[in-house]
Structure formats: C-alpha cells, structure tokens
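These notes are about the structure you will find just below.
In our numbering, the protein residues as written are 1229 to 1673.
Below, the structure is given as structure tokens:
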C-alpha cells in the first residue's frame, strides 16, 4: 500500500510560519503607485547613445533575437544541455571557477549553445562599454550606482512581467522580474568594481549596496526604487499585498519590513543565481514538467543551499514528482526523489513514509530480477536516512535472509559476504549467522 502522498496540502505558496511567494512574484507592479518614492532624473545622454548605436547594431540584435527565440527554452532533460552540464560541474564545489557570473546567468536563462552565449556576452559587454564611458566619479559611488540604475531602467529593464525571470527575457523584450533585475544590476556593479550583495526574503529579493558604514537597499523592480529605506512605509505597503489578508493583519504594516528581514538572509551573487534556477524549476512545474523542475532544483541547491523562499516549493515538488514516478512504477527513481526530499527535510515524515513505500517496491522488483548489486546500493542509501521503524527493519531483514540463502545456493562468496554485511548494518542480531559467515570465507573467490 502506497500511503501519505500529499499534493494539495503541500502547496508551493504557503508554509506554517507565513506566506511564501517565489521570486516570480513582484514587489512592484505599478510603478506609479510607488509615490512618494523619489524619481531619479532621466539622463538625456542615454537616449543619445541609443540613437547613435541603433543603426550600427540593428543587425546584431536582430540576429541575437532570432537565435534566442529558437533556443531560449531547454529541450528535454536539463543535464542534456552541454553548457548547463558544464555549469553544473563548475558549481559542484559551490564556486564558479570557469564561468563568469554573467555567463552563468545566461546559461541558467536557457542559453544552450556556445554561439548564442557569445552573442549574449557581446550584448552585455556593450552595456558595460556604454556605462564606462560615463567616467564615474570614484568618490561618489552612490551617485554612480544610481546612474547605472537609471540607465538600466530606461534602456533594458522596461516592462515588468511576473514570469520574466531570465536575462533572455531582458534581451528579447526588455521584460524582467525581481530576480532578473537584481541579477543584471548586481553583476554590472560587480564588473564595475563595486561590491554588492542581495537579500532574499520570503517574498522577494533586492540589492544591498554597502557604502562605508551605510547600506543602501535597492528595489530593482521599479525605476523609483534606488533607496527604499528613505520611503520605508511606502515600501512596506507594497510588501503587505503579497501576504494573505489575515497574515497581513497579524503582522501589521509597521512590522512587515522587519518580518521580511527576520525571515530572510543576505546572499552573495552566486547564491543569487540560484534563485534564477529555482524560478526555472517553478515555471517548469507549472507546466507539469516535474522531471525538468527537479533537475533545476538540484542545480539551484548547488548555487543556494539554504534558500529561505523556496522551502514549500521544494517539498511540494518532491511529493508530486515522486508520485508521478511511483504511479508509472518507476519505483527506484521515486525512491531517489523521496530520499532526496527526506534527507533535506527530515521533519517531513510523509516523505519518509513514501520513501519506504518506493523502497520496498524496488526491493521486490530487484528480487524478481535477481539484481543483488542494485539491492545492495538502495539499502545503503536507505540506511543513511535512518527512517526505518522496528517493523520496517524486520521486513528488510527477512528480505536479506532470502538473499543470503540465494547466494549460498549459488556458492557466490562475494554476494554472500556482502549480504551478511548489509544485514549486520541493518541492526540484525548476527549471532545465528556466524557459521554462515565462516562457511562463506571458505568458498572460492
């Protein structure tokens, strides 16, 4: 009997301590409503640059748009994309050694081919070239950063769109959400020599720009959001709309910013890229592409191991993808998904129960096909989880006893000794098996 599969209960939108929204959710939807946030001046130089470069680069952006339109979405399994595969290998130790931040952002945005990546890099380098032409005053970093912010919102971050989470959306249609906007702004600041971080909250992400003893909070979803702390009440009003009405009333306008920060954390720019992978997983899950979503989550965890805003989304995905695999009788794959989930969230006991159900179904198939090597591996994986109850241990030991008899009959020394070792690791009383082990030692290799 396969029990405890939860779909509707484990909604990706809510958790017990509050309401969790993914980074696809806006902090600012209607920029005009952000008043009284101070508007930044519009620099006529930006428009002059655009007019000057338009004719010269029209062919380039046309080619870039054509390439991206056919390659933006990953085809098939995530790991099959060579660039993404190389990126996954690069981030395996939690650092980027071969990919630049911007290149990693493009790959996570869906760029799969080297020639397309080269065009995207040229687009990005063009932005840096224009900004460096300003010859920023080194003594006025805040003024310089506000100029960069204004330029991006005038020329590239033009149309807010909830689903526009990738830099491909920015290049093709100048659409963005908080993840795309924060990534682009932070990477540009880094390449201009300014140290920046981000802050991930239960509903949002924004930039932290340190300046001597002060830290500026920069809201990247609005052209009026350069210094949100100067208009904290207005910003808090925006945050409230992304909580259910009863939770908003419980928290209160005067505490919403503090609540967000108490339940969020400061992240670096590598961790920030993980939010892009999470958003890719979220939109894949909305299309019922659970396998693709799962692969993106595993990749996101390598960038951002402790995301504060994706807990319930991850749990829901573990349940749903595991059930899809179980219903398809792909029990080994279902076990892997549930085991990953339970190892990451040991308080989710239902994940543990589902893991056991998939495990014993896999064990029966392996026995039917006499696949001892696979049996030994899955048992080792299960024992690490420490999920077995007394009755489960007894059932496992009974299965192992059958394997021991099988190896005895075949006079398989290696299989017999391995099965005895696994039986001992399962906590069985080995007193009655001492003679069997001695006999096994005397069998030929």
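Each residue gets a CB set at the ideal place from its N, CA and C atoms; glycine is no exception.
Since this is a predicted model, take the numbers as computed values, not measurements.
Check the DSSP bridge columns for residue i and list the partner residues they point to.
{"i": "residue 1439", "result": "1442"}
{"i": "residue 1388", "result": "1404"}
{"i": "residue 1434", "result": "1427"}
If residue i and residue j are in contact, beta carbons under 8 angstroms, what's the gap, nearest whole angstrom?
{"i": "residue 1436", "j": "residue 1426", "result": "6 angstroms"}
{"i": "residue 1635", "j": "residue 1628", "result": "Not really, about 10 angstroms apart at Cβ, beyond 8 angstroms."}
{"i": "residue 1412", "j": "residue 1380", "result": "7 angstroms"}
{"i": "residue 1428", "j": "residue 1537", "result": "6 angstroms"}
{"i": "residue 1200", "j": "residue 1554", "result": "Since the displayed the chain opens at 1229 and closes at 1673, residue 1200 lies outside it and no answer follows."}
{"i": "residue 1641", "j": "residue 1593", "result": "That pair is no contact at about 25 angstroms."}
{"i": "residue 1549", "j": "residue 1600", "result": "Going by Cβ atoms, the distance from residue 1549 to residue 1600 rounds to 28 angstroms, so no, they are not a contact pair."}
Measure the alpha-carbon distance for residue i versus residue j and round it to whole angstroms.
{"i": "residue 1518", "j": "residue 1508", "result": "11 angstroms"}
{"i": "residue 1271", "j": "residue 1406", "result": "Because residue 1271 carries a pLDDT of 38, less than 50, the predicted location of this residue cannot be relied on, and the following value inherits that uncertainty. Approximately 23 angstroms, taken between the alpha carbons."}
{"i": "residue 1571", "j": "residue 1565", "result": "10 angstroms"}
{"i": "residue 1441", "j": "residue 1653", "result": "56 angstroms"}
{"i": "residue 1493", "j": "residue 1455", "result": "19 angstroms"}
{"i": "residue 1663", "j": "residue 1535", "result": "52 angstroms"}
{"i": "residue 1655", "j": "residue 1607", "result": "13 angstroms"}
{"i": "residue 1322", "j": "residue 1531", "result": "6 angstroms"}
{"i": "residue 1320", "j": "residue 1539", "result": "21 angstroms"}
{"i": "residue 1669", "j": "residue 1510", "result": "53 angstroms"}
{"i": "residue 1393", "j": "residue 1421", "result": "25 angstroms"}
{"i": "residue 1324", "j": "residue 1449", "result": "27 angstroms"}
{"i": "residue 1559", "j": "residue 1344", "result": "39 angstroms"}
{"i": "residue 1253", "j": "residue 1377", "result": "Reliability of the predicted coordinates at residue 1253 is poor, the pLDDT of 32 falling under 50, and no value is obtained from them."}
{"i": "residue 1522", "j": "residue 1612", "result": "21 angstroms"}
{"i": "residue 1375", "j": "residue 1364", "result": "9 angstroms"}
{"i": "residue 1667", "j": "residue 1661", "result": "10 angstroms"}
{"i": "residue 1356", "j": "residue 1399", "result": "15 angstroms"}
{"i": "residue 1503", "j": "residue 1409", "result": "12 angstroms"}
{"i": "residue 1403", "j": "residue 1605", "result": "47 angstroms"}
{"i": "residue 1529", "j": "residue 1520", "result": "14 angstroms"}
{"i": "residue 1584", "j": "residue 1618", "result": "13 angstroms"}
{"i": "residue 1586", "j": "residue 1349", "result": "45 angstroms"}
{"i": "residue 1590", "j": "residue 1382", "result": "57 angstroms"}
{"i": "residue 1334", "j": "residue 1659", "result": "60 angstroms"}
{"i": "residue 1418", "j": "residue 1515", "result": "35 angstroms"}
{"i": "residue 1639", "j": "residue 1657", "result": "23 angstroms"}
{"i": "residue 1388", "j": "residue 1318", "result": "31 angstroms"}
{"i": "residue 1603", "j": "residue 1597", "result": "10 angstroms"}
{"i": "residue 1665", "j": "residue 1620", "result": "24 angstroms"}
Can you give me the start and stop residues for the beta strand (DSSP E) that residue i sits inside?
{"i": "residue 1428", "result": "1425-1428"}
{"i": "residue 1494", "result": "1493-1495"}
Of all the options the options, which has the alpha carbon lying nearest to the alpha carbon of residue i?
{"i": "residue 1313", "options": "1527, 1652, 1540, 1672", "result": "1527"}
{"i": "residue 1582", "options": "1552, 1605, 1596", "result": "1552"}
{"i": "residue 1347", "options": "1434, 1419, 1669, 1396", "result": "1396"}
{"i": "residue 1424", "options": "1338, 1565, 1549, 1443", "result": "1443"}
{"i": "residue 1650", "options": "1617, 1609, 1432", "result": "1609"}
{"i": "residue 1187", "options": "1647, 1620, 1622", "result": "The requested residue 1187 is not part of the displayed model; the chain covers only 1229 to 1673."}
{"i": "residue 1547", "options": "1530, 1529, 1534, 1513", "result": "1513"}
{"i": "residue 1567", "options": "1619, 1614, 1330", "result": "1614"}
{"i": "residue 1332", "options": "1497, 1434, 1542", "result": "1497"}
{"i": "residue 1676", "options": "1367, 1368, 1372, 1350", "result": "Absent from the structure is residue 1676, since the part of the chain shown begins at 1229 and ends at 1673."}
{"i": "residue 1430", "options": "1491, 1340, 1367, 1370", "result": "1491"}
{"i": "residue 1384", "options": "1352, 1439, 1639, 1638", "result": "1352"}
{"i": "residue 1500", "options": "1365, 1329, 1587, 1604", "result": "1329"}
{"i": "residue 1439", "options": "1368, 1673, 1311", "result": "1368"}
{"i": "residue 1573", "options": "1542, 1446, 1596", "result": "1542"}
{"i": "residue 1341", "options": "1382, 1586, 1310, 1326", "result": "1310"}
{"i": "residue 1525", "options": "1577, 1401, 1569", "result": "1569"}
{"i": "residue 1533", "options": "1556, 1580, 1506", "result": "1506"}
Where does the unbroken alpha helix (DSSP H) through residue i begin, and where does it stop?
{"i": "residue 1369", "result": "1369-1383"}
{"i": "residue 1351", "result": "1342-1360"}
{"i": "residue 1312", "result": "1310-1318"}
{"i": "residue 1530", "result": "1518-1531"}
{"i": "residue 1582", "result": "1577-1596"}
{"i": "residue 1221", "result": "Any answer about residue 1221 is impossible in this case: the structure gives the chain only from 1229 up to 1673."}
{"i": "residue 1555", "result": "1539-1555"}
{"i": "residue 1650", "result": "1641-1653"}
{"i": "residue 1737", "result": "Outside the displayed range of the chain (1229 to 1673) lies residue 1737, so it cannot be described from this structure."}
{"i": "residue 1667", "result": "1662-1669"}
{"i": "residue 1567", "result": "1559-1572"}
{"i": "residue 1627", "result": "1618-1638"}
Compare the C-beta of residue i with all C-beta atoms of chain D and state if any pair is closer than 8 angstroms.
{"i": "residue 1413", "result": "The displayed structure is made up of one protein chain only, and chain D is not part of it."}
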